[in-house]
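Below: the structure, in structure tokens.
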Amino acid sequence: MADLSNAHVLILATDGFEQVELFGPRQALLDAGVKVTLASDKTDPIQGMNHDEKGDTITPDILLDDVDTEDYTALLLPGGVANPDTLRMNDRAIEIIEEFADDEKLIAAICHAPWLLVEADVVDGRRMTSWPSVRTDLANAGADVVDEEVVIDGPFITSRKPEDIPAFNKAILEALQVELEAA
75 MADLSNAHVL ILATDGFEQV ELFGPRQALL DAGVKVTLAS DKTDPIQGMN HDEKGDTITP
135 DILLDDVDTE DYTALLLPGG VANPDTLRMN DRAIEIIEEF ADDEKLIAAI CHAPWLLVEA
195 DVVDGRRMTS WPSVRTDLAN AGADVVDEEV VIDGPFITSR KPEDIPAFNK AILEALQVEL
255 EAA
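For the sequence shown, this note's numbering begins at 75 and goes up steadily by one.
In structure tokens, the structure reads:
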């Protein structure tokens, strides 16, 4: 793997994120030397979930309102049910996703997180996957929905569930490597 120390990934999350979908990819990025910043709608620790049980918390680095998308190479959107459901009602969270999409920067979303992509209106014509209950929303928004562990379509990487995290992480790291080599 090439040197990824010049990559900077933004993670958007709030209370109710699926713990393994934030901590797993975050650790893989950190282990690869990537700079990672967690943005949220508050600066207090946010609550992770292990399915329907409370998990660990993590303290965000910055507020959503302080994000300048020009500072980042890629965007990571962990799932959980409450996390993307809350964030899709936050105007700044949706603007951030739209800005990454407009700039054709890498956006990786897993499980329920593609709800945010639907809300940002960036899925039309894209091949994507998600947790089964989100697939109808993706299809209704114009995505070509498939049931695969990881789907790459242009700058978008999507995965279905926690068991897909190894393939999801690998796809993100490989995409970052390609991005940095092209820069």
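We put the CB at the ideal spot given by N, CA and C, even for glycine. The model shown is predicted, which means the values in this text are computed figures rather than measured ones.
Asked, Found
"Hey, is the segment 85-99 in contact with the segment 221-241, meaning 3+ C-beta pairs nearer than 8 Å?", "yes"
"Just to confirm before moving on: does the CB-CB distance between L78 and A113 stay below 8 Å?", "no"
"What separation, rounded to the nearest whole angstrom, lies between the Cα atoms of A167 and A76?", "31 Å"
"Run through the segment 127-204 for me and flag every whole alpha helix (DSSP H) of 4 or more residues, listed as ranges in chain order.", "156-161, 165-176 and 188-193"
"Drop a sphere of 10 angstroms on the beta-carbon of V219, count the other beta-carbons inside from all chains shown, and report buried for 16 or more, exposed for fewer.", "buried"
"Can you tell which of V110, V155 and L103 has the C-alpha that lies nearest to the C-alpha of D126?", "V155"
"So who's on the other strand from S114, going by DSSP bridges?", "L137"
"Is the beta carbon of T88 less than 8 Å from the beta carbon of I120?", "yes"
"Sort out for me which residues DSSP pairs T232 with in a bridge.", "A183 and V225"
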